[in-house]
Amino acid sequence: MQLAIPLLPIMALLAGACVVPANAQGPETVEVGGDPELDACASLGRIARLDPKGDNFLSVREGPSSKHRERDRLSAGALVAICDERGPWRGIVYPAPGTEADCGVSSPQATRSPYRGPCRSGWVHSRFVDVVAG
Numbered sequence: 405m406q407l408a409i410p411l412l413p414i415m416a417l418l419a420g421a422c423v424v425p426a427n428a429q430g431p432e433t434v435e436v437g438g439d440p441e442l443d444a445c446a447s448l449g450r451i452a453r454l455d456p457k458g459d460n461f462l463s464v465r466e467g468p469s470s471k472h473r474e475r476d477r478l479s480a481g482a483l484v485a486i487c488d489e490r491g492p493w494r495g496i497v498y499p500a501p502g503t504e505a506d507c508g509v510s511s512p513q514a515t516r517s518p519y520r521g522p523c524r525s526g527w528v529h530s531r532f533v534d535v536v537a538g
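Numbering-wise, the sequence shown is residues 405 to 538 according to my numbering.
Here it is in structure tokens:
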């Protein structure tokens, strides 16, 4: 019984550590395709308007909100396929920084479905993406 009393506060702390914050949001997949006549991702974009006196990178998020966790960082000038849209957020597909992989989104895909690779995907705010094609 002597051990049980000091363990209760520790057990309570550990139980509290497992609680997910109310504002945490889980990942949301970027969807591609949906038209048998058009590319799986309709537009090509370029990352722009980053503050060179600030962080000078754009956070790629796990979902269409700044409350979602950062998944990656892109530099100004990086090219991305714009595949999905939710309000002011764009679902993008892009190769890993420093690579030029074919992401498989430049040909038609009749059924709309979550992007599964081979490249990376995530969400960025539209104010930092200029459409350069499509």
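We put the beta carbon where it would ideally sit given N, CA and C, even for glycine.
Q) My guess is that Leu478 and Val464 are in contact by the Cβ rule of under 8 Å, so how many angstroms apart are they, rounded? A) Position 74 of the sequence shown, counting from 1, holds the residue named residue 478. Position 60 of the sequence shown, counting from 1, holds the residue named residue 464. Contact holds; Cβ gap of about 6 Å.
Q) Just to confirm, are Gly495 and Cys487 a CB contact at a threshold of 8 Å? A) Translated into the one-based positions of the sequence shown, residue 495 becomes position 91. Translated into the one-based positions of the sequence shown, residue 487 becomes position 83. It is a contact, given that the beta carbons lie within the stated cut-off.
Q: Report, in whole angstroms, the separation of the C-beta atoms of Leu483 and Leu448, which I expect to be a contact under 8 Å.
A: As a first step, residue 483 is located in the sequence shown; it is residue number 79 there, counting from the start. As a first step, residue 448 is located in the sequence shown; it is residue number 44 there, counting from the start. Indeed they touch by this definition, with Cβ atoms about 6 Å apart.
Q: Please say whether Val509 and Cys445 have beta carbons closer to each other than 8 Å?
A: Mapped onto the sequence shown, residue 445 falls at position 41. Mapped onto the sequence shown, residue 509 falls at position 105. Yes, the pair counts as a contact, with Cβ atoms nearer than the cut-off.
**Q.** Runs of beta strand (DSSP E) lying entirely within the segment 446 to 522, each at least 3 residues, in chain order
**A.** Every unbroken stretch of the beta strand (DSSP E) spanning 3 or more residues and falling wholly within the segment 446 to 522 is given here in chain order: 447 to 451, 462 to 465, 474 to 478, 483 to 490, 493 to 498.
Q: Compute the Euclidean distance between the alpha carbons of Gly526 and Ala500, then round it to the nearest angstrom.
A: The count along the sequence shown starts at 1 and reaches residue 526 at position 122. The count along the sequence shown starts at 1 and reaches residue 500 at position 96. Ala500 has its alpha-carbon roughly 12 Å from the corresponding atom of Gly526.
Q. Can you tell me whether Ala485 is buried or exposed, with buried defined as 16 or more other CB within 10 angstroms of its CB?
A. Your numbering for residue 485 matches position 81 in the sequence shown. Flag for Ala485 reads buried.
Q: Could you pull out every residue in the same chain whose Cβ sits closer than 6 Å to the Cβ of Gln429, ignoring the five residues on either side in sequence?
A: Here residue 429 is taken as the residue at index 25 of the sequence shown, counted from 1. Excluding sequence neighbours, Gln429 sits near Gly467, Lys471, His472.
Q: Take Thr433 and list the residues in its own chain whose beta-carbon comes closer than 7 Å to its own, dropping the five residues that flank it on each side.
A: Mapped onto the sequence shown, residue 433 falls at position 29. Only Pro518, Tyr519 meet the Cβ criterion.
Q: Out of Ala480, Thr503, Arg490, Glu489, point me to the one whose CA is closest to Arg453's CA.
A: Numbered from 1 along the sequence shown, position 49 holds the residue referred to as residue 453. Checking every option, the nearest Cα to that of Arg453 belongs to Ala480.
Q) Are there 16 or more other CB atoms within 10 angstroms of the CB of Arg516, so buried, or fewer, so exposed? A) Here residue 516 corresponds to residue number 112 of the sequence shown, with the count starting at 1. The residue is exposed, with fewer than 16 neighbouring Cβ atoms inside 10 Å.
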